[in-house]
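Asks: First the structure, which I've put down as structure tokens, then a few questions once you've had a look.
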Amino acid sequence: MELFFKYLQYEKRYSPHTLTSYHTDLGQFSQYLEQVYQITEPAEADHTIIRSWILTLVQNNIKPRSINRKIACLRSYYRFLLSQQQISVNPMVRIKAPKAPKKLPAFVPEESFNTLLDSFEFEKSFEGQRDRLILEFLYGTGIRLAELIGIEENDIDMRAKTVRVLGKGNKERVVPINDSLLSCIEEYLQYKKSEFSDNNSEKLLVTNKARPLYPKFVYRVVKKYISLITTSDHNSPHVLRHSFATHLLNKGADLNAIKDLLGHSSLAATQVYTHNSIEQLKSVFEKAHPKA
């Protein structure tokens, strides 16, 4: 297993988030094998045993998306074992993933979020301006949580109005930043400099103790402010990424351009946002068309 995770990290360049999830998934599968079948090596499991684990997950009301991720983990693992000649037959070939219901990406209404950014009085302090910058950055660029945390001060080009981010698979891309975000960055950096005069951290965003941000910290900040404008449970950093894409599409942005801004490897991943846009088109049609 250790070799497998090194392979995913250094050769496949999987994100830290995916690696953590796969660690959990493979650990749960190994525990199941040991407890139910007294098998200590996953390489000894056949397709019937794997199927029984999947059935157990379904019976325990695990969400289809989570089950599919666990299946994806096992597919990668057994392919790796096959390549290493640890097994002669891949048992995952006979495993079918359960169908997961398609869900539209949740997003924050444009007017509500703009009201929050323009009208809410963020504290004129390091902490207040950092919180504002987190929101402005996620919504203004559509970058992922891990990409936000990884940004360093020298990744930002004030003159060109761009930021360099490191996405999935260590793929680097340059994302444009708007004037509002640029102004926010400049103000934040002034507070950061006065707050931590002896700070040597290269990271742009830091905690109150000058340490790099971590995922739970950003989750708390986003939830705190999004809860002021919506009662929805959808208040994670990823919702701001969805909002960025949906609002661009609603304003007539080209789907290929949105794909590049989001750092998607294929257009298929971006097309999910067209469903939200179609709902808005239906609404406009019903209000405006004489026969609607």
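Numbering of the sequence shown is given in full-length UniProt numbering, commencing with residue 1 and proceeding in unit increments. Just so you know, even glycine gets a beta-carbon here, dropped at the ideal spot from N, CA and C.
#1: In terms of DSSP beta bridges, what is ILE95 paired with?
#2: Using the C-alpha atoms, what's the distance from GLU121 back to GLU2?
#3: Suppose only complete runs of 3+ residues qualify. What are the beta strand (DSSP E) ranges in the segment 113–188, listed by chain order?
#4: Quick one: give me the first and last residue of the alpha helix (DSSP H) that GLY263 is part of.
#5: So, at 7 angstroms on beta carbons, what are the nonlocal neighbours of residue 303 in its own chain, with the 5 sequence-adjacent residues on each side left out?
#6: Which residues in the same chain have their Cβ closer than 7 angstroms to the Cβ of TYR188, if we skip the five residues on either side of it in sequence?
#7: Looking at the strands, I want to know which residues DSSP matches up with LYS203.
#8: So, with DSSP's three-state summary, where would you put residue 323?
#9: Mapping DSSP to helix, strand and coil, what is PRO212?
#10: Would you mind sorting THR20 into buried or exposed? The rule is 16 or more other CB atoms within 10 Å of its CB.
#11: Within the continuous alpha helix (DSSP H) that includes ALA64, where are the two ends?
#12: Counting C-beta neighbours from all protein chains within 10 Å, is the total for ASN178 16 or more, i.e. buried, or is it exposed?
#13: Within a Cβ cutoff of 7 angstroms, which residues of the same chain sit near GLU110, ignoring the five residues on either side of it in sequence?
#14: Quick check on DSSP: helix, strand or coil for ARG28?
#15: Is it the case that the segment 141–158 contacts the segment 267–281, given that we only count it when at least three CB pairs across the two stretches are under 8 angstroms?
#16: Using the rule of at least 16 other Cβ atoms within 10 Å of the residue's Cβ for burial, across every protein chain shown, is ILE62 buried or exposed?
#17: Hey, out of CYS184, GLU44, THR162, PRO212, whose CA is closest to LYS124's CA?
Replies: Short version:
#1: Translated into the one-based positions of the sequence shown, residue 95 becomes position 95. Partner residues in a beta bridge of ILE95, as assigned by DSSP, do not exist.
#2: Counted from its first residue, the sequence shown places residue 2 at position 2. Counted from its first residue, the sequence shown places residue 121 at position 121. Distance between the alpha carbons of GLU2 and GLU121: 49 angstroms.
#3: Taking only runs of at least 3 residues, the beta strand (DSSP E) segments lying wholly in the segment 113–188 are 162–166, 172–176.
#4: Within the sequence shown, residue 263 is the residue found at index 263, counting from 1. For GLY263, no alpha helix (DSSP H) segment is defined, and its DSSP state is neither H nor E.
#5: In the structure as shown, the chain starts at 1 and stops at 292, and residue 303 therefore has no counterpart that could be examined.
#6: As a working mapping, residue 188 is identified with position 188 in the sequence shown. GLN129, ARG130, LEU133.
#7: For the purposes of this step, residue 203 is identified with residue 203 of the sequence shown, where counting begins at 1. According to DSSP, which records beta bridges pairwise, LYS203 is partnered with GLU152.
#8: Outside the displayed range of the chain (1 to 292) lies residue 323, so it cannot be described from this structure.
#9: Counting from one through the sequence shown, the residue named residue 212 turns up at place 212. Under the three-state reduction of DSSP, PRO212 is assigned to strand.
#10: Position 20 of the sequence shown, counted from the first residue, corresponds to residue 20. Note on THR20: under 16 other CB atoms within 10 angstroms of its CB, so exposed under the neighbour-count rule.
#11: The residue given as residue 64 occupies position 64 in the sequence shown. Sequence inspection shows Pro at residue 64; the Ala mentioned does not correspond to that position. Counting along the chain, the alpha helix (DSSP H) containing PRO64 begins and ends at 64–83.
#12: Reading the sequence shown from its first residue, position 178 is the one you call residue 178. Burial state of ASN178 is exposed, judged by a 10 Å Cβ sphere holding fewer than 16 other Cβ atoms.
#13: To locate residue 110, count along the sequence shown from 1; it is residue 110. Closer than 7 angstroms at Cβ, skipping near neighbours: HIS247.
#14: Start at 1 with the first residue of the sequence shown, and residue 28 comes out as number 28. The residue you asked about is not Arg; residue 28 is Gln in the sequence shown. In this structure, GLN28 counts as helix in the three-state DSSP scheme.
#15: As far as the Cβ criterion goes, the segment 267–281 does not touch the segment 141–158, which means the pair count is below three.
#16: Reading the sequence shown from its first residue, position 62 is the one you call residue 62. With fewer than 16 other Cβ atoms within 10 Å, it is exposed.
#17: The residue you call residue 124 lines up with position 124 of the sequence shown. Ranked by how close their Cα comes to the Cα of LYS124, the residues CYS184, GLU44, THR162, PRO212 have CYS184 in first place.
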